[in-house]
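Chemist:
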Amino acid sequence: MTTGIDWDHPTDPRAGSWQLEHVKQYVASGGTEGHHWNGTQTLLLTTVGRISGNPVRTPLIYGEADGRYLLVASKGGSDEHPLWFRNLSANPQVRIQVGPRILQGTARTADAEERAAYWPVMVGHWPAYDEYQAKTDREIPIVVIEPAA
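Per our numbering, the sequence shown starts with residue 482, numbered consecutively.
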């Protein structure tokens with residue numbers, strides 16, 4: 482685990498955004514509300530800002546496989562990676578809240594074989610991922626989070 486990081490006081494999404502409202506609901510309810518969202522499941526990912534060094538929290542759709550958590554760095558099909566993914570590239574240590582459970586972990590980008598296996602899993606959770614991939618020449622990464630023992 483990264484030392485010196487105040488995981489309990491992250492920066493949340495910008496004011497007025499649906500993401501901020503989602504995070505507030507998730508945190509205030511201890512994860513009982515907000516975990517299920519628009520027909521899928523979400524977690525709260527806290528990364529370490531690659532420039533600020535401060536924790537940053539983001540609500541994301543997730544899947545599970547082999548005791549790991551899976552995330553799609555889609556940014557809605559943008560040609561750029563989302564900020565949270567760029568943060569992981571600089572520091573792979575994360576905290577996630579999955580419903581009421583809070584876990585530390587290490588994130589990595591799925592290799593080609595894993596991506597091929599996990600992409601259909603994630604499209605099963607959010608079919609628009611296929612549309613997002615079609616909008617960009619960038620191969621949208623899948624992130625694998627290994628919870629700490």
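Each residue gets a CB set at the ideal place from its N, CA and C atoms; glycine is no exception.
Bear in mind that the values here come from a model prediction, so they are computed numbers and not experimental data.
Could you spell out where the alpha helix (DSSP H) holding GLU473 opens and where it closes?
Modeler: What the structure shows of the chain is the stretch from 482 to 630, and residue 473 is not part of that stretch, so it cannot be assessed.
Chemist: Is VAL553 a contact residue of the ligand NAD, with contact defined as CB to any heavy atom under 7 Å?
Modeler: Absent from the structure shown: the ligand NAD. Ligands present: none.
Chemist: Kindly indicate the opening and closing residues of the beta strand (DSSP E) around ARG589.
Modeler: Reading the sequence shown from its first residue, position 108 is the one you call residue 589. Where ARG589 is concerned, the enclosing beta strand (DSSP E) stretches over 582-590.
Chemist: Report the rounded CA-to-CA distance for MET482 versus ASP560, giving the unit in angstroms.
Modeler: Position 1 of the sequence shown, counting from 1, holds the residue named residue 482. Position 79 of the sequence shown, counting from 1, holds the residue named residue 560. Residue placement at MET482 cannot be trusted, given a pLDDT of 46 that sits under 50; the coordinates are not used to answer.
Chemist: Note down the Cα distance separating HIS517 from VAL553, rounded to an integer number of angstroms.
Modeler: Taking the sequence shown and counting its residues from 1, one reaches residue 517 at position 36. Taking the sequence shown and counting its residues from 1, one reaches residue 553 at position 72. HIS517 and VAL553 have their C-alpha atoms roughly 17 Å apart.
Chemist: Use the C-beta contact count for TRP499: other C-beta atoms within 10 angstroms, 16 or more gives buried, fewer gives exposed.
Modeler: Walking along the sequence shown from the start, residue 499 turns up at place 18. Classification of TRP499: exposed, given that the 10 Å Cβ count is below 16.
Chemist: What residues match up with GLY544 in a beta bridge as DSSP calls it?
Modeler: Sequence index remark: in the sequence shown, residue 544 carries index 63 (1-based). Among the bridge pairs identified by DSSP, GLY544 is matched with LEU551.
Chemist: Over the uninterrupted alpha helix (DSSP H) stretch that includes ILE567, give me the two end residues.
Modeler: The residue given as residue 567 occupies position 86 in the sequence shown. Per the sequence shown, residue 567 should be read as Arg rather than Ile. Run containing ARG567: 564-571, per the alpha helix (DSSP H) assignment.
Chemist: When burial is assigned at 16 or more other CB atoms within 10 Å of the CB, is ARG495 buried or exposed?
Modeler: Locating residue 495 in the sequence shown gives position 14, where the first residue counts as 1. Flag for ARG495 reads exposed.
Chemist: Should SER533 be labelled buried (16 or more other beta-carbon atoms within 10 Å of its own) or exposed?
Modeler: Against the sequence shown, residue 533 aligns to sequence position 52. Result: exposed.
Chemist: Can you tell me whether SER555 is buried or exposed, with buried defined as 16 or more other CB within 10 angstroms of its CB?
Modeler: Reading the sequence shown from its first residue, position 74 is the one you call residue 555. Buried, because 16 or more other Cβ atoms sit within 10 Å of the Cβ of SER555.
Chemist: So, using beta-carbon positions, are GLY586 and ALA630 closer together than 8 Å?
Modeler: One-based indexing of the sequence shown puts residue 586 at position 105. One-based indexing of the sequence shown puts residue 630 at position 149. No, the Cβ-Cβ distance between GLY586 and ALA630 is not below 8 Å.
Chemist: Could you check which residue in TYR543, GLY548 and ASP618 has the C-alpha nearest to that of LEU526?
Modeler: In the sequence shown, the residue the question calls residue 526 occupies position 45. Ranking the options by Cα distance to LEU526, first place goes to TYR543.
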